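Residue numbers (this note's numbering): 19 to 426.
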């Protein structure tokens, strides 16, 4: 149990200067395009001893054996805002230090919901970060900060916005591939995709974009605990008396207001709580702080008229806009494992079951649900809540990907 609790903390934290070669250059074109590389910066090196120590402290030595030292780089690149403005964004690439010319598979890893910029991947590069742990096993880990964090911290974060989350990841994959080529970091043809919570949503959005828009072959994908049915999840709001993670609802309302400029914060939120929305979603406050200020009962801070509008269908902003960002009704080509816990009160299990139903109806060749409770033999998780499923998720992706990966 000590092992489970300690590793849960590490995974949740991940969930959510010396230039190298051409990484020190700055993109100078006046016609910048998505996916253009801007700069690379080495952030930290972790020795094999560092990685072993980190795994031992977590109690994970029963499952994980580090193989390589790890270098972590910050990559700055071009991506888009929700309104298609080209901006600088950032993410990290965690590279296992293998022999010269040795190949590695890539993993696009997407972090969960964060509120503070200090929690972004480029600010969280310790040896216990999920990216570092997976990299020491032989994967090149590519993890976007997302718009709103890292190099784009002055931008509002487009929470659960399909197009922008997918673009941030796809564009980092493009830019980092060029950077790796310039710096003679060898990759094979394999690309895995995964993420947890908001990262599960981002992972599925990225897979959809890569397969649909770019005809990219993906080796396998494991989106986990994601709200793929954003509108269906939002429609449950009037029936809920206890929000396990109130900031997720608040962030969605704030996001709709900032992207669509439709005044939904004033429409939905009681006047006494509007200052929280004005001041605390600025990248310096944590989810825990905002959750405490809001409280778990949504009727405390959300107007009853707004909730009634969701129930009777008269609300023409919240649910319709959320429907635009549902991502469950399409046909994945790659093997796709929808990892979820049946006891998740933050992101209901129905998100995974509906996605499976729709994808199966669309004749997806290989989509399955992986229940958190049975994902790892011998690892019992009770209840299978949003937080408690973080550890079995991480072990599941390591074992599942290892069964398909080459050149580890």
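Glycine included, C-beta positions come from ideal geometry on N, C-alpha and C. Computed from a prediction, not measured in an experiment: that's the story for all the values here.
Counting only runs that start and end inside the region 230 to 272, the beta strand (DSSP E) elements of at least 3 residues fall at 238 to 242. The Cβ atoms of residue 187 and residue 101 do not sit closer than 8 angstroms to each other.
Burial check for residue 232: the Cβ neighbour count within 10 Å stays below 16, so the residue is exposed. One alpha carbon belongs to residue 354, the other to residue 335, and they sit about 32 angstroms apart.
The DSSP assignment places complete alpha helix (DSSP H) segments of no fewer than 4 residues inside the region 301 to 364 at 305 to 312, 316 to 319, 322 to 330, 336 to 341, in order along the chain.
Apart from sequence neighbours up to five positions away, the residues of its chain that approach residue 198 with a beta-carbon distance below 7 angstroms are 205, ordered along the chain. Annotation for residue 143: 61, 62, 90 place their beta carbon closer than 6 angstroms to its own, counting only its chain and skipping 5 residues before and after.
For residue 106, the enclosing beta strand (DSSP E) covers residues 104 to 114. Segment contact: the region 158 to 174 against the region 241 to 254, fewer than three CB-CB distances shorter than 8 angstroms; contact not assigned. The DSSP-derived three-state label of residue 92 is strand. In chain order, 133, 264, 265, 268, 294, 298, 299 place their CB closer than 8 angstroms to the CB of residue 308, counting only its own chain and leaving out the 5 sequence neighbours on each side. In terms of Cβ geometry, residue 53 and residue 96 form a close pair [threshold 8 angstroms]. Residue range 124 to 128 is occupied by the beta strand (DSSP E) that includes residue 124. A residue is called buried when at least 16 other Cβ atoms come within 10 angstroms of its Cβ; residue 281 does not meet this threshold and is exposed. When the beta-carbon positions are compared, residue 301 and residue 171 come within less than 8 angstroms of each other. Within the DSSP secondary-structure output, residue 69 pairs in no beta bridge. According to DSSP, residue pairing for residue 214 in a beta bridge involves 242.
Around the beta carbon of residue 51, fewer than 16 other beta carbons sit within 10 angstroms, so the residue counts as exposed. Contact check between the region 111 to 126 and the region 76 to 94: three or more CB pairs, one atom from each, fall below 8 angstroms, which counts as touching. Residue pairing from DSSP places residue 161 in a beta bridge opposite 110. Nearest C-alpha to residue 348 among 326, 369, 373: 373. DSSP places residue 415 inside the alpha helix (DSSP H), whose first and last residues are 408 to 420. Within the model, the alpha-carbon separation for residue 110 versus residue 276 is close to 26 angstroms. By the neighbour-count definition (other C-beta atoms within 10 Å, threshold 16), residue 296 is an exposed residue. By the Cβ-count criterion, residue 421 is exposed, with fewer than 16 other Cβ atoms from all chains shown falling within 10 Å of its own Cβ. Within 10 angstroms of the beta-carbon of residue 254 lie fewer than 16 other beta-carbons, which makes it exposed. For residue 376, the CB contacts under 6 angstroms within the same chain, skipping 5 residues up- and downstream, are 346, 347 in chain order. The residue from 328, 398, 252 with its alpha-carbon nearest to that of residue 343 is 252. Boundaries of the alpha helix (DSSP H) harbouring residue 292: 292 to 297, taken from the DSSP string. Excluding the 5 residues flanking it on each side, residue 153 has same chain C-beta neighbours closer than 6 angstroms at 88, 112, 114, 159, in chain order. Rounded to the nearest whole angstrom, the CA to CA distance from residue 218 to residue 130 is 7 angstroms. If you look at residue 369, you'll find it in the alpha helix (DSSP H) that goes 368 to 379.
When secondary structure is reduced to three states using DSSP, residue 143 falls in the coil class, being assigned neither helix nor strand.
Shown here, residue 386 sits in a strand according to DSSP, grouped into three states.
Within 10 angstroms of the beta-carbon of residue 417 lie fewer than 16 other beta-carbons, which makes it exposed. Per the coordinates, the alpha-carbon of residue 216 lies some 15 angstroms from the alpha-carbon of residue 272.
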